[in-house]
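**Student:** Mind having a look at this structure? Questions to follow.
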Amino acid sequence: MASSVLSMSLSASLAGKSKVFSSKTNKSISSNRKVSKITTTVRATGTMVDDKTGIKKMRDGIKEAADENLLTPRFYTTDFDEMEQLFSTEINPNLDESEIFSILNEFRDDFNQKHFVRNDEFKAAADGIQGEQRRIFIEFLERSCTAEFSGFLLYKELGRRLKKTAPTVAEIFTLMSRDEARHAGFLNKAMSDFNLALDLGFLTKNRQYTFFKPKFIMYATYLSEKIGYWRYISIYRHLQANPDDQLYPIFKYFENWCQDENRHGDFFSAILKARPEFLNDTEAKLWSRFFCLSVYVTMYLNDHSRSEFYESLGMDTTKFNMHVIHQTNKTTATIFPQVIDTYNPAFKAGLDGMLAANQKMAAISKSDDSDIAKALAKAPLLATFAAELVKLMIMKPVDSGSVDTNLEDHHMDVNDPAFMY
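Quick note on numbering: UniProt numbering labels position 169 of the sequence shown as 169, and the sequence is numbered without any gaps.
Here is the structure:
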């Protein structure tokens, strides 16, 4: 999944369809069993602190995992039995796998097999990043690594579970898990340049897992991969045009890296087409808009809470976000039956309204007030946030998919670098 953002967290909470459980519970999930118990994550006690950044460590060289919240990357699971029913070639003998077969050959070619090779630039560049900027870079690498590793775990299990009933789909999931593992390992090695790394084995066993129905996995992961593509390629192009802002060499890898994200998104597009009931009715339109909105909102809030990172690369956070949203929305319009009208001025106004409310709630959380006082202070802000979200959800959408859209008719050229940055 996109390393920069895995935006299903907000989707899960807003949809009200998710369940959260530990990795031990995860192993026993089946379509016939309901999981209602919510278990807490086991965390290692951070008793050490990195002397350069103040970041907590589990042990020497190993960073304590960031606290989980609504906007942090999560680990996901799904109803594997239902997924088998959807793509079993025995149950669905007329399943159109033509596009899936074509994509399989691309994955087998493994275009990036030799791309993720490090050089001496990495450690030297990391040593030159100090102070608050160093902490910001470590947070970026951690979030990216966690998101990629989340994708690896989900795709690996899907590949294993579907191997007998849907071998073609299963092989692609396995090959995607290969890509995600490669990305996560590359990012974790980059963290070690800053003398920290994640204990991915510990995360696997102790992180909370959020349950998503298969169709929701397909909607949300398609968007996550495609928005990841646009984030990576946009950052890459900006830094190619502004080499003085290239503070760390990992961004030089983004041009080829983003093609993995793009292929992953194309695969989810293909399996959605193979199950047209997820694209051709009123409910599909509703969920399409919902997931578009939740993914865009999540990215906007996340990135603006870390504007310092994008500013350190010479980027304007808001312009970067709007560029990525517009481009992702145009891409998504080729498959989803409806998308959000991101060019409607009300869309940007709604994002900014939610951002303002979120920033105020974050400030309240950091205050020394009592929990009751904090809850009372947040209540009207939560109402404001919810109202803005509902307004965007019911805003007139853009019909898309097989319908010709007018997204290209807008006067603003989102390919113009002047608009981007």
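Cβ coordinates follow ideal geometry from the N, Cα and C atoms, glycine included.
As the structure is a prediction and not an experimental result, all values here were calculated from the model.
With a threshold of 16 other CB atoms inside 10 Å of the CB of residue 226, please say whether the residue is buried or exposed.
**Tutor:** By the 10 Å Cβ count, residue 226 comes out buried.
**Student:** Could you check which residue in 126, 177, 64, 336 has the C-alpha nearest to that of residue 279?
**Tutor:** Checking every option, the nearest Cα to that of residue 279 belongs to 336.
**Student:** I think residue 263 touches residue 106, with their Cβ atoms under 8 Å apart; what is that distance to the nearest whole Å?
**Tutor:** Sure, about 6 Å apart at Cβ, within 8 Å.
**Student:** Could you tell me whether the Cβ atoms of residue 209 and residue 385 are closer together than 9 Å?
**Tutor:** Cβ distance not < 9 Å, so residue 209 and residue 385 don't count as in contact.
**Student:** If you drop the 5 nearest sequence neighbours on each side, which residues of the same chain put their C-beta closer than 6 Å to that of residue 122?
**Tutor:** These residues qualify, in order along the chain: 193, 249.
**Student:** Assuming residue 285 and residue 341 are in contact, meaning their beta carbons sit under 8 Å apart, how far apart are those beta carbons, in whole angstroms?
**Tutor:** Not quite, the Cβ-Cβ distance comes to about 13 Å (not below 8 Å), so this is no contact.
**Student:** Runs of 3 residues minimum, wholly inside the stretch 189-226: which ones carry the beta strand (DSSP E) assignment?
**Tutor:** Counting only runs of 3 or more, we get 208-212.
**Student:** Threshold first: 3 residues or longer. Then list the beta strand (DSSP E) segments lying entirely within the stretch 96-146, N to C.
**Tutor:** None, since the stretch 96-146 contains no complete beta strand (DSSP E) of that length.
**Student:** Can you look up residue 275 in the DSSP assignment and give me helix, strand or coil?
**Tutor:** Three-state DSSP puts residue 275 in coil, outside helix and strand.
**Student:** Could you check where the beta strand (DSSP E) with residue 429 kicks off and where it finishes?
**Tutor:** For the chain, the structure presents residues 1 to 421; residue 429 sits outside this window and is missing.
**Student:** Identify every residue that forms a DSSP beta bridge with residue 338.
**Tutor:** Answer is 399.
**Student:** Among 266, 332, 308, which has the Cα closest to the Cα of residue 291?
**Tutor:** Ranking the options by Cα distance to residue 291, first place goes to 332.
**Student:** Using 10 angstroms around the beta-carbon of residue 382, count the other beta-carbons present and answer buried if the total reaches 16, otherwise exposed.
**Tutor:** The residue is exposed, with fewer than 16 neighbouring Cβ atoms inside 10 Å.
**Student:** Residue 349 to residue 288, Cα distance in whole Å?
**Tutor:** Answer to the nearest angstrom: the Cα atoms are 21 Å apart.
**Student:** Assuming residue 76 is part of the beta strand (DSSP E), what are its boundary residues?
**Tutor:** 75-78 is the extent of the beta strand (DSSP E) around residue 76.
**Student:** Can you give me the C-alpha to C-alpha distance between residue 61 and residue 195, rounded to a whole angstrom?
**Tutor:** Distance between the alpha carbons of residue 61 and residue 195 is about 6 Å.
**Student:** Confirm, please, whether the CB-CB distance from residue 400 to residue 324 is below 9 Å.
**Tutor:** Taking 9 Å as the Cβ cut-off, residue 324 and residue 400 do not qualify as a contacting pair.
**Student:** What do you get for residue 157, buried or exposed, if any count of 16 or more other CB atoms within 10 angstroms of its CB means buried?
**Tutor:** So residue 157 counts as buried.
**Student:** Return the first residue and the last residue of the alpha helix (DSSP H) that residue 314 is part of.
**Tutor:** Residue 314 -> no alpha helix (DSSP H), and no H or E assigned at all.
**Student:** Per the DSSP calculation, residue 49 is bridged to which residue(s)?
**Tutor:** DSSP, once it has assigned bridges, lists 56 as partnering residue 49.
**Student:** Tell me which same chain residues have a C-beta within less than 7 Å of the C-beta of residue 304, skipping the five on either side of it?
**Tutor:** 317, 355, listed in sequence order.
**Student:** Helix, strand or coil for residue 422? Go by DSSP, reduced to three states.
**Tutor:** The structure shown does not extend to residue 422, since the chain is modelled only from 1 to 421, so the question has no answer here.
**Student:** Tell me the rounded alpha-carbon separation between residue 181 and residue 152.
**Tutor:** If you take the alpha carbons of residue 181 and residue 152, they lie about 6 Å apart.
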